[in-house]
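In order, the protein sequences belong to chains A and Y.
First residue of the first sequence: 1, per UniProt numbering; consecutive thereafter.
First residue of the second sequence: 1, per UniProt numbering; consecutive thereafter.
2 protein chains.
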Amino acid sequence: MIYERVALIGLGLIAGSMGLRMKRDGLVGEVVGTARSAETRDVAVALGLCDRVTEDAAAAVAGADLVVLCVPVGAMEDVAAEIGPHLAPGTTVTDVGSVKRAVIEAVAPHLPAGVHFVPAHPLAGTEHSGPRSGFPELFERRWCLMTPGAETDPDAVSRLSDLWTAMGSRVDRMDPDHHDLVLAVTSHAPHLIAYTMVGVADDLGRVTDSEVIEYSAAGFRDFTRIAASDPVMWRDVFLTNKDATLEILGRFTEELFALQRAIRTGDGAMLHDYFTRTRAIRRGIIEAGQDIDAPDFGRSTGR
Amino acid sequence: MIYERVALIGLGLIAGSMGLRMKRDGLVGEVVGTARSAETRDVAVALGLCDRVTEDAAAAVAGADLVVLCVPVGAMEDVAAEIGPHLAPGTTVTDVGSVKRAVIEAVAPHLPAGVHFVPAHPLAGTEHSGPRSGFPELFERRWCLMTPGAETDPDAVSRLSDLWTAMGSRVDRMDPDHHDLVLAVTSHAPHLIAYTMVGVADDLGRVTDSEVIEYSAAGFRDFTRIAASDPVMWRDVFLTNKDATLEILGRFTEELFALQRAIRTGDGAMLHDYFTRTRAIRRGIIEAGQDIDAPDFGRSTGR
């Protein structure tokens with residue numbers, strides 16, 4: 001048993017998946033959950049995401065040796081202010097936010113001395129949200145990036161690392177600012193781009209909705225999956241990782257213009273070279289074990 | 001048996017999948033294949049994609065009642081010129097190109113009178129290419145869009161439609177120019193965007209290749225899959241569907257700038273509304289049966 005009592009603050013996809021996994025594998029003594037919505041709390045109990053729920057976050061953290069902040073990044077500060085006075089020395093506080101610098105600035109000032117703050121970000125998720133969307137295998141083979149400060153108690157860091165490892169993750173440490181830049185490239189900018197493309201398709205009066213949807217081909221289908229992600233979570237990601245995201249989008253626009261120009265001028269050699277280079281990155285991802293290479297995209301598991 | 005002898009010109013992912021499916025289900029009497037590369041021809045015979053191969057396209061079409069052009073769009077004209085003189089009246093010629101107007105202009109002038117030309121585009125594929133990448137279920141539940149002219153023999157059209165239906169596809173008819181616009185939105189522009197984003201990630205010296213690959217999160221992983229598609233095929237798509245693609249990319253850039261501005265000015269309400277709207281499109285795609293909704297993205301089928 002890695003922790004005696006874990007408090008999940010917020011009960012969406014990530015918290016639900018953590019709860020199911022921790023309980024399934026007996027990783028912790030008790031899972032206490034809380035969420036603002038009464039309906040969410042009821043669902044969480046009914047689905048067994050946690051052993052019991054409390055109405056407010058302050059009650060949830062009482063007696064917990066691990067507190068996990070699973071709310072959107074923009075809600076972290078309020079939650080930290082609410083639970084801060086109720087945290088006992090020796091408690092570990094962590095989070096699962098997609099942005100790390102902004103979360104550290106929002107949460108750290110509210111934590112009393114003697115509390116170990118170990119920010120973390122599991123690189124896992126689906127386009128679904130809410131307590132019903134969790135499943136215990138979500139973190140299997142996914143990275144969990146931890147960004148603790150140099151002064152953080154090493155034992156608290158390694159205990160949390162043990163929990164993530166037990167939930168199936170591979171754990172690594174990173175500087176928070178570097179984390180935010182890497183994620184801007186690999187996740188935040190791609191999400192904004194997917195949102196944009198799906199919005200464009202929706203706007204085009206000449207191509208009716210039903211056609212775009214009915215005949216949606218591989219490229220667009222993948223974009224819609226990304227663009228179906230939780231609106232509140234992603235609004236907060238962009239507002240709190242603003243600089244890195246805007247920098248990457250600037251680079252993206254530059255590059256897109258170069259490719260558009262090659263299309264306009266009929267420069268087939270440039271296009272071919274570019275597309276050949278991008279293919280190699282995909283091979284690297286398969287080799288790094290970060291995706292599967294099934295020829296049918298796993299379609300056979302569908303209805 | 002829908003056709004006596006089918007000639008597959010070009011033996012990549014689409015032709016290979018057609019050959020495997022037609023043979024598995026006994027849809028045609030004989031499948032003859034040809035490809036420029038001797039290695040591809042050997043692999044096609046070894047894997048049973050076709051019953052026999054010929055060294056050149058002219059020999060492959062001899063005695064065929066269906067000829068399927070499965071080469072990149074930019075190679076269609078040369079192939080049509082080569083086989084034209086060898087086509088018997090009554091033969092049906094079709095293709096599987098992702099662009100329809102350019103293929104019609106490239107192929108039609110080379111076909112003798114009495115040959116039925118029925119352009120088609122199966123909306124199916126993976127990021128893999130070549131004869132080893134085919135599998136018989138590729139077309140299952142996917143659309144095949146046919147764009148025959150008004151003067152085309154209805155029996156020839158419905159016979160080809162029967163073949164695609166038997167291979168698992170849903171078949172629809174469309175005007176070629178309209179097809180090219182719809183596909184620019186749903187496939188061509190998204191592919192170029194994915195290529196661009198993967199190229200940007202590759203360029204960024206500050207974020208090393210290994211980190212981008214190692215920690216590649218959901219958004220970027222999907223982009224790399226798209227951007228791993230066949231470089232020759234996609235070069236030809238962009239060069240031959242230039243106008244529609246550039247128009248959609250222009251709209252995309254406009255929209256992306258509006259979202260970037262919302263991020264820069266901290267307009268969370270605009271972002272939230274936008275992301276909520278794009279979510280609805282995804283629901284439509286699931287309801288239209290064009291994708292699966294498995295919570296783990298089919299990951300469980302992986303290693």
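Yeah, the Cβ is synthetic: ideal placement off N, Cα and C, and Gly gets one too.
Quick check: is the beta carbon of residue i nearer than 8 Å to any beta carbon in chain Y?
i, result
"A/Phe223", "yes"
"A/Pro148", "no"
"A/Thr240", "no"
"A/Pro72", "no"
"A/Ile213", "yes"
"A/Leu69", "no"
"A/Pro136", "no"
"A/Glu255", "yes"
"A/Ser216", "yes"
"A/Ile83", "no"
"A/Arg282", "yes"
"A/His272", "yes"
"A/Gly266", "yes"
"A/Ala64", "no"
"A/Ala227", "yes"
Looking at the C-beta of residue i, does it have a partner C-beta in chain A at a distance below 8 Å?
i, result
"Y/Val79", "no"
"Y/Ala38", "no"
"Y/Trp164", "no"
"Y/Leu145", "yes"
"Y/Ser169", "no"
"Y/Gly199", "yes"
"Y/Phe139", "no"
"Y/Gly10", "no"
"Y/Ile14", "no"
"Y/Glu105", "no"
"Y/Tyr3", "no"
"Y/Arg21", "no"
"Y/Asp202", "yes"
"Y/Val185", "yes"
"Y/Gly48", "no"
"Y/Phe252", "yes"
"Y/Pro176", "no"
"Y/Arg235", "yes"
"Y/Arg279", "yes"
How long is the line joining the alpha carbons of residue i and residue j, rounded to whole angstroms?
i, j, result
"Y/Phe220", "A/Ser229", "14 Å"
"Y/Gly284", "Y/Ala58", "45 Å"
"A/Ala81", "A/Ile14", "22 Å"
"Y/Met1", "Y/Leu47", "22 Å"
"A/Met270", "Y/Val212", "24 Å"
"A/Val68", "Y/Asn241", "50 Å"
"A/Ile281", "A/His272", "15 Å"
"A/Arg132", "A/Gly63", "27 Å"
"Y/Gly29", "Y/Cys70", "19 Å"
"Y/Thr92", "A/Thr224", "37 Å"
"A/Gly134", "A/Arg41", "14 Å"
"A/Ala102", "A/Val73", "8 Å"
"Y/Leu66", "A/Tyr274", "36 Å"
"A/Val200", "Y/Arg277", "11 Å"
"Y/Gly90", "Y/Thr152", "12 Å"
"Y/Val53", "Y/Thr245", "36 Å"
"Y/Ala184", "Y/Ile248", "7 Å"
"Y/Ala7", "Y/Tyr215", "45 Å"
Grab the span of the alpha helix (DSSP H) containing residue i for me, first residue to last.
i, result
"residue 306 of chain Y", "Examination of residue 306 of chain Y is not possible in this model, given that chain Y is present from 1 through 303 alone."
"A/Leu66", "No alpha helix (DSSP H) holds A/Leu66; the beta strand (DSSP E) holding it covers Leu66 to Leu69."
"A/Asp162", "Pro154 to Ala166"
"Y/Leu192", "Ala189 to Asp203"
"A/Leu47", "That residue, A/Leu47, is in no alpha helix (DSSP H); it is neither H nor E in DSSP."
"A/Thr278", "Gly268 to Glu287"
"Y/Ala80", "Met76 to Ile83"
"Y/Ala102", "Arg101 to Val107"
So what does residue i bridge to, in DSSP terms?
i, result
"A/Phe117", "A/Val93"
"A/Tyr3", "A/Val28"
"Y/Thr34", "Y/Ile9 and Y/Thr54"
"A/Leu145", "A/His121 and A/Asp172"
Name the two residues that bound the continuous beta strand (DSSP E) containing residue i.
i, result
"A/Arg170", "Arg170 to Arg173"
"A/Thr54", "Arg52 to Thr54"
Are the region 176-188 of chain Y and the region 245-260 of chain A touching by the rule of at least three beta carbon pairs closer than 8 Å?
In short, these stretches do not touch, since the Cβ pair count stays below three.
Evaluate contact between the region 153-162 of chain Y and the region 99-119 of chain Y, counting only Cβ atoms and requiring at least three cross-stretch pairs below 8 Å.
The region 153-162 of chain Y vs the region 99-119 of chain Y: in contact.
For the 8 Å Cβ check, are there 3 or more pairs between the region 135-145 of chain Y and the region 104-113 of chain Y?
Because the criterion of three Cβ pairs below 8 Å is not met, the region 135-145 of chain Y and the region 104-113 of chain Y do not touch.
Hey, is the region 158-175 of chain A in contact with the region 142-150 of chain A, meaning 3+ C-beta pairs nearer than 8 Å?
Yes, the region 158-175 of chain A touches the region 142-150 of chain A.
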